[in-house]
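Residue numbers (the numbering used here): 23 to 609.
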């Protein structure tokens with residue numbers, strides 16, 4: 023306690039002492055300047071003759087007041103004259119009462135008061151000027167100086183910089199414009215639940231619609247469908263929804279390679295750390311699709327891959343590339359491969375047979391203005407539909423890269439929760455190359471571990487790095503906040519380090535300033551974890567500085583049902599069709 027008292031008292035007294043010194047110095051300089059101004063103006067506004075009369079009048083007044091003799095007998099030497107100075111003796115009373123002298127005395131008195139007023143204002147001006155200079159000098163000395171690296175600026179300043187350099191986009195995050203024509207470099211929104219991620223989607227999506235851009239939206243909750251789906255104009259894919267388009271895998275297979283591409287989209291390459299089962303399942307599905315390309319019967323395909331006896335399964339694949347996975351001698355392996363297939367093609371049994379199937383490839387090429395395609399699944403449908411939705415999205419990305427290059431084209435891929443899908447073979451290539459075809463990926467991720475689990479460390483980071491516009495909301499995962507902090511960048515700064523010394527004698531008291539240059543993170547991980555709802559750090563592509571924004575809540579009205587279920591009749595028909603295939607084959 024005593025040490026704290028001593029330390030605090032010494033520092034306080036030292037501060038007061040230094041404050042007293044600077045106040046005295048400021049006052050002294052101001053006083054000297056004011057005195058100098060007074061003297062200068064006095065000599066400018068009065069003549070030497072007037073000053074001489076003023077001096078003689080003061081002399082006479084002194085002589086009369088201080089003398090004890092008869093005032094009428096007091097004389098003084100008078101040496102003032104406009105034609106020259108000829109000393110002569112005059113009575114002091116005559117000097118005091120002379121009208122000519124009194125007239126000049128009154129002028130000099132009046133002029134002195136005016137000059138005094140001006141001098142005081144001049145001294146006050148100098149005092150304020152010195153005060154401002156010292157404060158500014160102290161601020162500049164203590165301010166950190168950026169040597170290299172990025173910096174954090176206000177949204178207002180970043181907007182001004184973008185507009186000044188003609189780089190402001192017509193897409194805005196509230197009052198902050200994005201970088202012009204950089205949406206093809208993709209936009210990533212990260213943040214934990216209720217941090218503002220979905221609200222950010224609702225900020226950008228109405229602007230995308232106002233642009234009349236096309237979009238493919240992956241909606242796993244129905245939120246986007248209810249707020250943006252326009253029946254009769256937009257399209258929807260969900261086998262359980264009445265509004266769905268009728269899709270068939272053969273509609274996407276125009277060449278031999280398309281079968282392999284579709285197989286890889288539905289069945290991830292790596293399953294539980296083993297590439298064999300994914301490769302085997304992909305080859306089996308590709309071969310089965312190719313063999314049934316004339317029949318195009320989805321129920322028959324599902325029966326062969328999932329329900330057929332082992333001998334029928336082996337016989338079906340005779341003469342195909344998948345025959346090596348169907349030998350009777352390797353029954354255990356075949357059963358394992360079929361189990362992998364079954365897990366990933368559950369959604370096939372809900373597809374309705376159609377002679378005019380919807381094609382994602384055709385939709386991408388059609389380029390119908392202002393039409394959005396929704397790929398949806400309710401939470402209780404995801405287990406069956408996630409492989410299908412992943413395949414649909416993957417097919418659309420591949421279809422875009424099969425079009426002619428056109429950087430003025432705009433096709434948005436909007437994915438609220440990217441890790442909710444299974445591994446997309448085209449995502450790494452797509453994020454790197456769809457820019458040349460006018461593709462824009464707007465994706466949301468809660469945290470890094472979700473994506474790492476699906477794609478692995480290196481591929482996940484490669485994907486994240488290809489999103490050039492990044493919007494970081496609150497994130498509580500330590501690994502993610504560390505990566506976000508590094509992603510926002512570092513800066514090399516020079517700052518003045520103040521050292522205080524004190525002792526029992528005043529001579530030991532002192533303050534020293536020394537510059538120190540070091541590298542520091544622009545944003546600490548704890549700052550990211552402590553962001554309020556709707557607050558975010560924004561990083562634009564290029565050399566633009568980092569910006570922190572506070573977004574406003576968007577209340578988008580619903581214009582459609584989030585889900586319109588199939589009738590029991592339709593579901594029964596699908597069930598009977600699937601069971602019918604099995605019964606006929608068993609007979």
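A virtual CB, placed ideally from N, CA and C, is assigned to each residue, including glycine. This one's a predicted model, so the numbers in the text were calculated from it and none came from an experiment.
Q) Counting only runs that start and end within the region 281-348, where is the alpha helix (DSSP H) found for 4 or more residues in a row? A) 297-313, 320-324, 332-338
Q. For residue 581, which residues of its own chain have a beta-carbon under 8 Å away from its beta-carbon, when the five flanking residues on both sides are left out?
A. 248, 249, 250, 251, 252
(Q) For residue 45, count the other beta carbons within 10 Å of its own beta carbon; 16 or more makes it buried, fewer makes it exposed. Which is it? (A) exposed
Q | Segments of 3+ residues assigned as beta strand (DSSP E) that fall wholly inside the region 370-399 | A | 394-398
Q.
For residue 550, which residues in the same chain have their Cβ closer than 6 Å to its Cβ, ignoring the five residues on either side in sequence?
A. 497, 503, 506
Q | Proximity of residue 428 and residue 477 at Cβ, strictly below 8 Å | A | no
Q | C-alpha gap between residue 439 and residue 218, whole angstroms | A | 13 Å
**Q.** When 410, 317, 310 are compared against residue 334, the one with the closest alpha-carbon
**A.** 310
Q.
Tell me the rounded alpha-carbon separation between residue 304 and residue 286.
A. 6 Å
(Q) Between which two residues does the beta strand (DSSP E) holding residue 463 run? (A) 461-467
Q: Step through the CB atoms of chain D and report whether any lies within less than 8 Å of the CB of residue 180.
A: Protein chain content of the structure displayed is limited to a single chain, and chain D is not contained in it.
**Q.** Opposing strand residues paired with residue 432 [DSSP bridges]
**A.** Beta-bridge pairing links residue 432 to no other residue.
Q.
Below 8 Å on the Cβ atoms is my contact criterion, and I expect residue 114 with residue 97 to pass it. Report the Cβ-Cβ distance as a whole number of Å.
A. 7 Å
**Q.** Backbone secondary structure at residue 579 - three-state DSSP
**A.** coil
(Q) Would residue 561 and residue 510 be called neighbours here (beta carbons separated by less than 8 Å)? (A) yes
Q: Helix, strand or coil for residue 367, going by three-state DSSP, please let me know.
A: coil
**Q.** residue 102 versus 89, 117, 95, 88, residue with shortest Cα-Cα distance
**A.** 117
Q: Leaving out five residues on either side along the sequence, give the residues of the same chain with a beta carbon under 8 Å from the beta carbon of residue 568.
A: 172, 173, 174, 175, 510, 511, 544, 545, 559, 560, 561
**Q.** Given residue 610 as reference, the closest of 332, 284, 288, 210 once Cα atoms are compared
**A.** For the chain, the structure presents residues 23 to 609; residue 610 sits outside this window and is missing.
Q.
Among the candidates 433, 197, 442, whose CA atom is the shortest distance from the CA of residue 243?
A. 442
Q. By DSSP, does residue 606 sit in helix, in strand, or in coil?
A. Its pLDDT being 41, under 50, residue 606 is placed unreliably in this model, and the value from its coordinates should be taken loosely. In the structure shown, residue 606 sits in a helix (DSSP, three-state: H, G or I).
Q) With C-beta atoms as the reference, is residue 206 less than 8 Å away from residue 462? A) yes
Q. Where are the alpha helix (DSSP H) runs, 4 residues long or more, that stay fully inside the region 179-248, in chain order?
A. 219-232
(Q) If contacts are defined as beta-carbon pairs under 8 Å, then residue 215 and residue 495 qualify, I think. What distance do you get, rounded to the angstrom? (A) Not really, about 10 Å apart at Cβ, beyond 8 Å.
Q.
Measuring straight from C-alpha to C-alpha, what distance separates residue 363 and residue 445?
A. 15 Å
Q: Compare the Cα-Cα distances from residue 405 to each of 542, 37, 370, 454 and report the closest residue.
A: 370
Q: Could you tell me which residues DSSP puts in a beta bridge with residue 514?
A: 170, 541
Q.
Short of 7 Å in beta carbon distance, which residues of its chain neighbour residue 481, apart from the five on each side in sequence? Order them along the chain.
A. 450
Q: Return the CA-CA distance between residue 409 and residue 324, expressed in angstroms with no decimal places.
A: 15 Å
**Q.** Complete beta strand (DSSP E) runs within the region 402-460 (minimum length 3 residues, chain order)
**A.** 433-437
**Q.** residue 275 burial status per 10 Å Cβ neighbour count (16 or more: buried)
**A.** buried
Q: Would you be able to state if there are at least three C-beta pairs under 8 Å between the region 392-401 and the region 191-201?
A: no
Q: Determine the direct distance from the alpha carbon of residue 145 to that of residue 53, and round the result to whole angstroms.
A: 6 Å
Q) Going by the CB atoms, is the gap between residue 150 and residue 76 shorter than 8 Å? A) no
Q | Segment contact, 8 Å Cβ cut-off, at least three pairs: the region 575-591 with the region 262-275 | A | yes
Q. Could you give the C-beta distance for residue 148 and residue 63, rounded to a whole number, given that I count them as a contact under 8 Å?
A. 15 Å between Cβ atoms; not a contact.
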